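**Q** Quick note, the sequences are listed as chains X and G, same order.
Here my numbering is used: the first residue of the first sequence is 745, the next is one more, and so on.
Here my numbering is used: the first residue of the second sequence is 54, the next is one more, and so on.
Cβ coordinates follow ideal geometry from the N, Cα and C atoms, glycine included.
As the structure is a prediction and not an experimental result, all values here were calculated from the model.
Take a look at this one; I'll ask things after.
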Amino acid sequence: MSTKSLEQSNSKEVLVPDIEFVARAPISEGRAFMRLLRRDLLASLRYRNDWVNPLFFLLMVVTLFPLGISPDPKTLTMIAPGVLWIAALLSTLLAVDSLFLQDFEDGTLEQLLLSPSSLYLMVVAKVFSHWLVTGLPVALLAPILSIMLNLSGEGLWVLMLTLLLGTPTLALISAIGAALTVGIRRGGMLVSLIALPLHVPVLILGTGAVQAVSEGFAYSAHLSLMMAMLALAVVLAPFAIAASLRISLGD
Amino acid sequence: MALFFAPEDYQQGNSFRIIYIHVPSASLALSTYMMMAVAGGIGLVWKMKMAEVVAKVCAPIGASFTLIALFTGAIWGKPTWGTWWIWDARLTSMLILLFLYLGVMSLHSAMQNRQTAAKATAVLALVGVVNLPIIKYSVDWWNTLHQPATFTLTEKPAMPADMWVPLLVMMLGFYFLLAVLVIMRSRCEIIDRERRSRWVQDIIAAEKGA
């Protein structure tokens, strides 16, 4: 309750700046980007559920594996990278539902589409702020969780690095699915169906890097491929997201 | 025909004959996806209704071919590799292709508005195109159990002529099958879309009269 009233009292200056800059003379692209980023970060700080719940979910999924497979330390070390990656992937999918939904319901998304600023940059700002509150905590939490799964030493840091490189790619790909399904009721399941096949290469490379480390091989090839995928996703995915948003809101 | 005239393989015996179904359907699974993506792209850019129709009917056809390729591959894998399924790069990426088809189909059926559905699936199909080169070159990039491509345009096939000629005929036959399927399904789809227009009503009236 308290967060809601706070948000309403501040809504004029922070939460709906888009309407103001449409009405006034257009502001520069960079400022529009920063304003949207700031607004989204503030909004997600106030709707705490959006980013706290996926983290709890991650923690619980990771807990299930030792209980379900075996608490034997050797087995755990072997499955740790895969478990953490799958858990991160699922929590990304869970979180991405909220990326456009709230803005769609209160009309902010339509204002964004109508605004003179480039939709490409707006989409980048939205996904970036989303990743800051959902993907980054997952990557930062990973070392603690991997100690719980008996993974330590170099593998732990490589796992964290792959998550840092991989979660933005996952967020960008899932955002395509979220944008396509934003107008559909109960689209959550559909987002998973659409986005999961595209997530597979990231998952393979991410877990492959950690496995290479544990077997004493070089892992730089995996990391450079992941960086290449991230670069491609950052450049291309916003086009697809912007186009999907225009389609979803078109009717 | 390929089943009877091609000689037995010296290592695999008669089981190699499944290649005459497996290879064409796998190749068609990829071609159909490409066709769906291209048709979807044309529909997005030039807003042609026919392109939307073709893109829509491609999805179930391609999904069936992918399923056939996976299924025959599993049957073939049992006598030759000794296993139904392994997590090999080519097999896994074909499975992902099947999931992509299923995603396209479920997205299409989830949307109420036909035009929105066509545009949305076109975007998804275009995004999924990144998977195609991964499947195509998976056998060259990774060391896997699956053999490399049977046919290339530049080199002579590694099989004797009385084995690869029937395969080529089967490939052509499958491509014609694809063409017929797409045309038939498109006709159904057009009639379904235009069921309120005069010329469809006339056809129905004529059918009833006859």
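Please confirm whether X/PHE848 and X/VAL827 have their CB atoms less than 8 angstroms apart.
**A** Cβ distance not < 8 angstroms, so X/PHE848 and X/VAL827 don't count as in contact.
**Q** Would you identify the three-state DSSP class for G/VAL176, choosing helix, strand or coil?
**A** In this structure, G/VAL176 counts as helix in the three-state DSSP scheme.
**Q** Is it true that the segment 944-953 of chain X meets the segment 878-889 of chain X, where meeting means three or more beta-carbon pairs spaced less than 8 angstroms apart?
**A** The answer is no - the segment 878-889 of chain X does not touch the segment 944-953 of chain X, with fewer than three Cβ pairs under 8 angstroms.
**Q** Mind checking if G/VAL176 is an interface residue toward chain X, Cβ cutoff 8 angstroms exclusive?
**A** Closer than 8 angstroms to some Cβ of chain X, the Cβ of G/VAL176 qualifies, so yes.
**Q** Compare the C-alpha of G/ALA175 against each of G/ILE256, G/ILE257, G/TRP252 and G/TRP99 and name the closest.
**A** Minimum Cα distance to G/ALA175 is reached at G/TRP99.
**Q** Taking the alpha-carbon positions, what's the G/ARG22 to G/SER78 distance?
**A** Only positions 54 to 263 of chain G appear in the structure, and residue 22 of chain G is not among them; the question remains open.
**Q** Looking only at C-alpha atoms, which of G/ASN184, G/ALA170 and G/TRP129 sits nearest to G/SER84?
**A** Considering only alpha carbons, the answer is G/ASN184.
**Q** So which residues of chain G does X/VAL979 contact, with C-beta pairs closer than 9 angstroms?
**A** Within chain G, no residue comes near X/VAL979; the closest Cβ sits about 13 angstroms away, beyond 9 angstroms.
**Q** Would you give the residue range spanned by the alpha helix (DSSP H) that X/PRO941 belongs to?
**A** Segment 932-958, the alpha helix (DSSP H) holding X/PRO941.
**Q** With G/GLU105 as the anchor, note down where its alpha helix (DSSP H) starts and where it stops.
**A** It spans 102-133 - the alpha helix (DSSP H) in which G/GLU105 sits, taken as one unbroken run.
**Q** Buried or exposed for X/PHE844, going by 16 or more other Cβ atoms inside 10 Å?
**A** It counts as buried.
**Q** Span of the alpha helix (DSSP H) holding X/ALA703?
**A** The question about residue 703 of chain X has no answer, for chain X in this structure spans 745 to 995.
**Q** Between the C-alpha atoms of G/ILE128 and G/THR119, what's the straight-line distance to the nearest angstrom?
**A** One C-alpha to the other measures close to 14 angstroms.
**Q** Using only alpha-carbon positions, find the residue among X/ALA956, X/GLY994, X/ALA839 and X/LEU974 that is nearest to X/LEU903.
**A** The candidate whose alpha carbon is nearest that of X/LEU903 is X/ALA956.
**Q** Measuring only from the beta carbon, is X/VAL882 closer than 7 angstroms to any heavy atom that is part of the ligand ZN?
**A** The model on display carries no ligand, and the ligand ZN is accordingly not part of it.
**Q** Is the distance from the Cβ of G/ILE243 to the Cβ of G/VAL106 below 8 angstroms?
**A** Result yes, Cβ atoms of G/ILE243 and G/VAL106 sit closer than 8 angstroms.
**Q** With a threshold of 16 other CB atoms inside 10 Å of the CB of G/SER162, please say whether the residue is buried or exposed.
**A** The residue is exposed, with fewer than 16 neighbouring Cβ atoms inside 10 Å.
**Q** Express the C-alpha separation of X/MET933 and G/TRP252 in angstroms, rounding to a whole number.
**A** Near 40 angstroms, if we compare the C-alpha coordinates of X/MET933 and G/TRP252.
**Q** Cβ of G/GLY147 within 8 angstroms of Cβ of G/LEU123?
**A** According to the sequence provided, residue 147 of chain G is Met. The question's Gly does not apply to it. The answer is yes: Cβ separation under 8 angstroms.
**Q** Per DSSP, what kind of secondary structure is X/ILE830 in: helix, strand or coil?
**A** Residue state, collapsed to three classes: helix.
**Q** List, in order along the chain, the chain G residues whose C-beta lies closer than 8 angstroms to that of X/PRO945?
**A** ILE187, listed in chain order.
**Q** Quick check on X/VAL867: does DSSP put it in helix, strand or coil?
**A** In the structure shown, X/VAL867 sits in a helix (DSSP, three-state: H, G or I).
**Q** Is G/ASP141 helix, strand or coil by DSSP?
**A** In this structure, G/ASP141 counts as coil in the three-state DSSP scheme.
**Q** Quick check on DSSP: helix, strand or coil for X/SER992?
**A** Helix at X/SER992.
**Q** For G/LEU206, which residues from the same chain have a beta carbon less than 8 angstroms from its beta carbon, with the 5 sequence-adjacent residues on both sides left out?
**A** Residue confidence is low: G/LEU206 scores 49 on pLDDT, short of 50, so the model does not pin down where it sits. Its coordinate-derived value is still stated next. Taken in chain order, the list of residues that qualify is empty.
**Q** For X/SER964, return the contacting residues in chain G, with the cut-off set at a CB-CB distance below 9 angstroms.
**A** Neighbours of X/SER964 on chain G: none; closest Cβ ~17 angstroms, over 9 angstroms.
**Q** Here's the rule I'm using: 16 or more other beta-carbon atoms within 10 Å means buried, otherwise exposed. How should G/ALA171 be labelled?
**A** Classification for G/ALA171: buried.
**Q** So with Cβ pairs under 8 angstroms, would you call G/GLY156 a contact of chain X?
**A** G/GLY156 counts as touching chain X.
**Q** According to DSSP, is X/GLU898 part of a helix, a strand, or is it coil?
**A** It is helical.
**Q** Could one say the Cβ of G/VAL180 lies closer than 8 angstroms to chain X's Cβ atoms, at least one of them?
**A** Yes, contact with chain X.
**Q** Where does G/VAL85 sit, in a helix, a strand or coil, going by DSSP?
**A** Just to set this straight, residue 85 of chain G is Thr in the shown sequence, not Val. Here G/THR85 sits in helix by DSSP.
**Q** How about X/TRP795 and X/VAL877: do their beta carbons lie closer than 8 angstroms?
**A** Contact flag set, yes.
**Q** With respect to the alpha helix (DSSP H) encompassing X/PRO815, which residues constitute its N-terminal and C-terminal limits?
**A** Element bounds for X/PRO815: n/a, residue is neither H nor E.
**Q** State the CB to CB distance for the pair G/ALA82 and G/GLY115, rounded to an integer number of angstroms; the pair is presumed to be in contact (CB under 8 angstroms).
**A** With a Cβ gap of about 6 angstroms, G/ALA82 and G/GLY115 count as contacting.
**Q** Distance check for X/ALA986 and X/LEU863, CA to CA, integer angstroms please.
**A** The alpha-carbon atoms of X/LEU863 and X/ALA986 are separated by roughly 6 angstroms.
**Q** Going by DSSP in three states, X/SER918 sits in which element: helix, strand or coil?
**A** In this structure, X/SER918 counts as helix in the three-state DSSP scheme.
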